[in-house]
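All remarks here apply to the structure that follows.
Numbering (my numbering), first residue to last: 7 to 454.
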């Protein structure tokens with residue numbers, strides 16, 4: 007069980023790190039931690055998800071809880087079920103975008119508020135180490151929330167126009183939901199790719215951030231003359247976009263694009279963006295009359311900050327997009343709807359809508375293995391001590407014409423570097439310089 011409790015969820019290799027016995031103990035401890043009476047449990051299509059879900063449910067029922075089994079669902083649907091059903095908490099068995107031999111749990115309390123890594127998950131881990139309880143009164147029943155959920159997200163459709171969209175569900179949990187949505191909007195034409203849920207991932211792993219996974223989608227968008235393409239991860243809480251030319255669209259720029267659109271009907275609203283995002287994002291928010299607020303990386307932290315700020319919308323470089331009107335939760339399908347709304351309203355292709363935001367050269371996220379992350383961050387802070395520096399999440403170093411952030415990953419044994427500059431020449435120069443400082447501090451560093 008060591009090491010599976012992460013910063014904002016539980017993840018491990020099945021069955022070596024996370025097995026049914028552990029899942030059962032987690033289910034029992036989860037009920038005790040929340041003093042929950044009614045919870046809802048869902049799962050993705052991974053080959054181990056059904057048995058892990060059953061085990062978690064056994065532990066929860068043994069602790070005296072009434073469990074509603076939602077079956078195979080997306081994480082956004084599970085979040086919706088927690089809030090709409092008035093449950094005391096919810097559990098989603100999924101490893102999101104990770105390979106098929108991994109699995110995990112995303113855990114919510116009431117109103118789909120995630121258990122935090124700062125407090126809740128360490129408390130849960132401690133409870134898992136205690137003796138499970140056995141209480142009378144526990145039960146399990148099946149529920150089906152798909153129709154209600156699709157009705158909810160379809161309610162965000164505005165003035166649908168005839169548009170053609172290629173959707174690659176990656177054999178994940180967006181697959182059952184997308185056709186149900188398109189049935190409600192006859193103006194939209196769906197060109198499907200890999201909608202059948204399959205935990206073997208027979209075509210490619212479901213991670214839209216990996217360029218290797220979207221090449222077929224990019225070709226299909228061009229070949230079909232589609233308005234754009236969208237790829238989902240395994241549990242459908244994140245997505246990535248392909249414009250009509252077959253080019254990948256940077257996830258942080260989607261934040262700026264959607265934020266500006268939503269601000270038209272919500273002037274002055276607060277928008278959160280993760281601190282790795284381009285400066286173009288906060289510029290777009292402010293130009294649209296919004297208030298931009300930088301946030302730590304990670305869904306639990308962003309959702310908590312959104313509630314504090316009553317933020318309308320938030321976006322991450324990882325392709326997670328969050329909505330106040332969906333209970334401050336992230337939702338890939340709703341983000342697809344908002345891009346469809348935007349293209350219909352503007353009457354212009356996605357590439358043209360993104361172009362005004364895409365003017366700062368960036369390295370993208372560079373993953374590095376280092377032996378001592380603290381030593382590396384200390385060396386960088388000393389080298390750039392004349393900069394504007396903050397430690398909201400890792401180390402952010404800012405100058406008027408360039409900046410970078412370097413932080414530990416919450417899910418992998420790496421540090422992640424993002425660097426942006428006003429010009430390509432300056433970007434290349436500063437990338438070499440920063441990597442040189444890192445290598446001097448840690449000669450064994452490797453780019454992965």
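Here a beta-carbon is modelled for each residue, glycine too, at the ideal position from N, C-alpha and C.
Is the separation between the beta-carbon of residue i and that of residue j shorter than 7 Å?
i, j, result
"residue 69", "residue 139", "yes"
"residue 386", "residue 443", "yes"
"residue 11", "residue 127", "yes"
"residue 274", "residue 295", "yes"
"residue 16", "residue 71", "no"
"residue 173", "residue 227", "no"
"residue 398", "residue 281", "yes"
"residue 118", "residue 85", "yes"
"residue 79", "residue 114", "no"
"residue 39", "residue 130", "yes"
"residue 14", "residue 306", "yes"
"residue 57", "residue 26", "yes"
"residue 48", "residue 76", "yes"
At which residues does the alpha helix (DSSP H) containing residue i begin and terminate?
i, result
"residue 190", "183-190"
"residue 225", "217-230"
"residue 357", "356-360"
"residue 438", "430-447"
"residue 86", "81-90"
"residue 395", "Run containing residue 395: none in the alpha helix (DSSP H); it sits in the beta strand (DSSP E), 394-396."
"residue 426", "Premise fails: residue 426 lies in the beta strand (DSSP E), 421-427, not in any alpha helix (DSSP H)."
"residue 197", "No alpha helix (DSSP H) holds residue 197; the beta strand (DSSP E) holding it covers 194-199."
"residue 323", "Segment: none, residue 323 is in no alpha helix (DSSP H) and carries neither H nor E."
"residue 258", "257-271"
"residue 158", "152-160"
"residue 129", "126-134"
"residue 313", "305-315"
"residue 380", "379-389"
"residue 59", "55-68"
"residue 347", "338-352"
"residue 36", "26-40"
Just confirm the distance between the C-beta atoms of residue i and residue j, as a whole number of angstroms; I'd bet it's less than 8 Å.
i, j, result
"residue 413", "residue 400", "3 Å"
"residue 215", "residue 246", "6 Å"
"residue 310", "residue 122", "7 Å"
"residue 74", "residue 156", "Residue 74 to residue 156, Cβ: 18 Å. No contact."
"residue 342", "residue 420", "With 8 Å as the limit, residue 342 and residue 420 do not qualify as a contact, their Cβ atoms being about 30 Å apart."
"residue 423", "residue 381", "Actually they do not touch by this definition, with Cβ atoms about 15 Å apart."
"residue 51", "residue 205", "5 Å"
"residue 159", "residue 91", "No, residue 159 and residue 91 are not in contact; Cβ-Cβ is about 16 Å, not under 8 Å."
"residue 234", "residue 106", "No, residue 234 and residue 106 are not in contact; Cβ-Cβ is about 28 Å, not under 8 Å."
"residue 318", "residue 261", "Actually they are not in contact, since the Cβ atoms of residue 318 and residue 261 sit about 12 Å apart, beyond 8 Å."
"residue 325", "residue 253", "Contact doesn't hold; Cβ gap of about 16 Å is too wide."
"residue 249", "residue 355", "7 Å"
What first and last residue would you give for the beta strand (DSSP E) that runs through residue i?
i, result
"residue 48", "44-49"
"residue 78", "72-78"
"residue 101", "Taken as a continuous stretch (DSSP letters only), residue 101 belongs to no beta strand (DSSP E), as it is neither H nor E."
"residue 291", "Careful: residue 291 lies outside any beta strand (DSSP E), inside the alpha helix (DSSP H) at 285-293."
"residue 145", "145-148"
"residue 113", "108-115"
"residue 318", "First-last for residue 318: undefined, no H or E at that position."
"residue 238", "234-238"
Given residue i, which residues of its chain have a CB within under 6 Å of its CB, disregarding the five upstream and five downstream residues?
i, result
"residue 320", "278, 308, 312, 328"
"residue 251", "357"
"residue 455", "The structure shown does not extend to residue 455, since the chain is modelled only from 7 to 454, so the question has no answer here."
"residue 219", "210, 213"
"residue 53", "205"
"residue 322", "280"
"residue 451", "374, 376, 444, 445"
"residue 93", "44, 45, 46"
"residue 180", "238, 242"
"residue 415", "422"
Return the chain-ordered list of same chain residues with a C-beta closer than 7 Å to the C-beta of residue i, the five sequence neighbours on each side being excluded.
i, result
"residue 403", "386, 390, 393, 395, 409, 410"
"residue 81", "98, 100, 112, 241, 242, 243"
"residue 437", "369, 425"
"residue 143", "70"
Please work out which residues of its chain come closer than 8 Å, Cβ to Cβ, to residue i, disregarding the five sequence neighbours upstream and downstream, and give them in chain order.
i, result
"residue 193", "166, 167, 168, 169"
"residue 263", "290, 345, 348, 359, 360, 363"
"residue 259", "284, 286, 287, 360, 363, 364"
#### Entry: Stretch-stretch touch, CB-based, cutoff 8 Å, three pairs: the segment 263-280 with the segment 336-354
The segment 263-280 vs the segment 336-354: in contact.
### Query
Does the segment 309-317 come close enough to the segment 96-116 to have 3 or more Cβ pairs within less than 8 Å?
no
### Query
Touch check for the segment 184-200 and the segment 298-306: three-plus C-beta pairs under 8 Å?
no
### Query
Is there contact between the segment 237-252 and the segment 336-347, where contact requires at least three CB pairs shorter than 8 Å?
yes
### Task
Determine contact between the segment 172-190 and the segment 110-129, defined as no fewer than three beta-carbon pairs at a distance below 8 Å.
no
### Task
Please confirm if the segment 124-135 is in contact with the segment 18-35, defined as three or more CB-CB distances below 8 Å between the two stretches.
yes
### Message
Can you confirm whether the segment 430-449 touches the segment 365-373 when touching is taken to mean that 3 or more C-beta pairs between the two stretches lie within less than 8 Å?
### Response
yes
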